[in-house]
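Colleague: Please find one structure pasted underneath; my questions will follow.
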Ligand code: SF4
């Protein structure tokens with residue numbers, strides 16, 4: 099696991115390297131379960147959007163420099179969406195150039211891009227690699243045709259395999275594959291078949307997500323009209339356990355509740371979130387957390403672009419397109435620290451660091467909670483750190499709400 103960044107404070111201002119999340123809100127087709135901030139009818143705006151996103155990067159970079167009296171470097175960038183791989187390389191290049199100028203990349207910068215398997219070819223992957231992208235995250239979701247059809251994904255598994263092979267061929271060997279369990283109609287054996295199919299590709303990293311049926315999605319309507327059955331939580335728990343066993347047998351480290359990696363291939367960008375570090379959210383609908391402020395950027399891409407054309411940036415980390423922001427209270431900061439760091443199954447929460455940061459031990463901040471959860475077998479302490487127990491991994495929300 100990478101070492102925690104050494105803290106660098108200039109005149110009381112945090113000048114540590116930042117993580118940058120860059121949101122690309124375009125998709126070819128909306129998948130049946132998706133409630134992300136993405137649009138299928140705005141693809142003609144991609145280039146203009148890239149210009150606006152670059153302008154936002156420059157605005158926030160200027161504000162960061164004014165605050166720290168020097169440029170703040172960036173050590174991880176993450177293009178998420180939506181479908182970032184729908185962007186032309188020239189547009190991605192524009193955005194990346196802006197990030198590099200505003201937040202100079204560290205020598206070991208990790209630049210991840212989410213990719214939908216059916217949207218790329220070898221020439222495209224070669225182009226994005228030349229721009230600096232050095233990690234890919236493929237939305238594979240399933241190896242089973244009927245499951246991909248129900249999810250309304252636009253690719254088949256053979257296309258995903260071909261995309262992974264192309265990535266390797268062009269030197270993008272550091273990649274993650276996403277799979278979804280808890281899919282209506284999925285069985286333990288079809289889940290095992292998907293897991294085995296992706297393991298055959300020897301991915302350095304795997305993210306496994308349990309499907310949640312979100313309000314307003316086609317899938318929720320199908321649930322209401324009886325086309326699909328409600329998720330079975332017992333089956334979901336069995337699928338999660340099966341994954342844990344199989345991935346451990348294949349040498350993967352289960353380092354976060356939903357994430358597994360070959361040693362040394364943990365996602366450094368997401369580690370920033372889970373270590374409760376500072377990150378900038380840039381692009382329509384992105385969320386960020388820096389300088390004691392939590393904020394959300396306006397969701398609608400057209401409004402986002404108008405705001406950046408017309409408005410002035412606020413103080414760091416706020417751009418002209420920020421729709422909501424608030425100063426993080428002490429209670430919120432404590433809750434964030436516990437909930438994010440407990441997600442890290444190998445690192446856990448450093449109890450002495452918590453007490454030093456908040457001037458109060460965890461037990462005093464949340465009287466009786468740790469003892470109760472330990473008695474129920476959901477938390478355990480080891481060498482001054484607090485961890486979820488394996489029984490709590492699938493039930494983690496029942497632990498987290500006690501620290502909310
Ligand atoms: S590709 Fe991803 S972001 Fe786009 S509609 Fe499907 S699930 Fe949503």
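In our numbering, the protein residues as written are 99 to 502. Glycine included, every Cβ here is placed at the ideal spot set by N, Cα and C. Owing to the predicted nature of the structure, the values given are computational and were not obtained by experimental measurement.
1) Any chance the CB of residue 129 is under 6 Å from a heavy atom of the ligand SF4?
2) Name the DSSP bridge partner or partners of residue 272?
3) For the stretch 177-235, which segments carrying the beta strand (DSSP E) assignment without a break, of at least 3 residues, lie completely within its bounds, in sequence order?
4) Sort 395, 432, 445, 435 by Cα distance to residue 422 and report the nearest one.
5) Check whether the Cβ atoms of residue 235 and residue 189 lie closer than 7 Å to each other.
6) Let me make sure I understand the geometry here. Which of 501, 443, 441, 442 has the alpha-carbon closest to that of residue 470?
7) Does residue 286 pass the burial test, meaning 16 or more other C-beta atoms within 10 Å, or should it be called exposed?
8) Just checking residue 498 against the ligand SF4 - is the residue's beta carbon closer than 6 Å to any of the ligand's heavy atoms?
9) Comparing alpha-carbon positions, which option in 218, 282, 183, 122 lies nearest residue 324?
10) Assign residue 480 to one of two classes, buried (16 or more other C-beta atoms within 10 Å of its C-beta) or exposed (fewer than that).
11) With a threshold of 6 Å (Cβ to nearest heavy atom), would residue 134 be considered close to the ligand SF4?
12) Work out the CA separation of residue 467 and residue 183 for me, nearest whole Å.
13) Mark residue 377 as exposed unless 16 or more other C-beta atoms lie within 10 angstroms of its C-beta, in which case mark it buried.
14) Note down, in chain order, each residue of its chain lying with its Cβ closer than 8 Å to the Cβ of residue 135, except the 5 sequence neighbours on either side.
15) Who are the Cβ neighbours of residue 459 in its own chain at under 6 Å, not counting the five residues just before and after it?
16) Any contact between the stretch 238-252 and the stretch 200-213? By contact I mean 3 or more CB pairs, one from each, below 8 Å.
17) Go through its chain and collect everything with a Cβ distance to residue 338's Cβ below 6 Å, but skip five positions before and after it.
18) Assuming residue 305 and residue 357 make a contact with CB atoms under 8 Å, what is their CB distance in whole Å?
19) Output needed for residue 448: all residues of its chain with C-beta closer than 6 Å, excluding positions within five of it in sequence on either side, in chain order.
20) Considering only residues of the same chain and omitting the five flanking positions on each side of residue 494, which have a CB-CB separation below 8 Å?
21) What are the boundary residues of the alpha helix (DSSP H) that includes residue 159?
22) Kindly indicate the opening and closing residues of the alpha helix (DSSP H) around residue 266.
23) Return the Cβ separation of residue 178 and residue 119 in integer angstroms, given the expectation that the two are a contact with Cβ distance under 8 Å.
24) Could you check the C-alpha separation between residue 250 and residue 473 for me, to the nearest Å?
25) I'd like to check one pair, residue 280 with residue 86: are the Cβ atoms closer than 7 Å?
26) Step through the CB atoms of chain D and report whether any lies within less than 7 Å of the CB of residue 341.
27) Hey, could you find the ends of the beta strand (DSSP E) residue 391 is sitting in?
28) Fully enclosed by the stretch 333-389, which alpha helix (DSSP H) runs are 4 residues long or longer?
Modeller: The short version:
1) yes
2) DSSP output for residue 272 lists no bridge partner at all.
3) 203-213
4) 395
5) no
6) 501
7) exposed
8) no
9) 282
10) exposed
11) yes
12) 44 Å
13) buried
14) 121, 123, 180, 382, 383, 397
15) 453
16) no
17) 492
18) 5 Å
19) 483
20) 355, 440, 441, 486
21) 144-166
22) 255-267
23) 6 Å
24) 43 Å
25) Nothing about residue 86 can be reported from this structure: the residues present for the chain run from 99 to 502 only.
26) Of the protein chains in the structure, only one exists, and it is not chain D.
27) 391-395
28) 366-372
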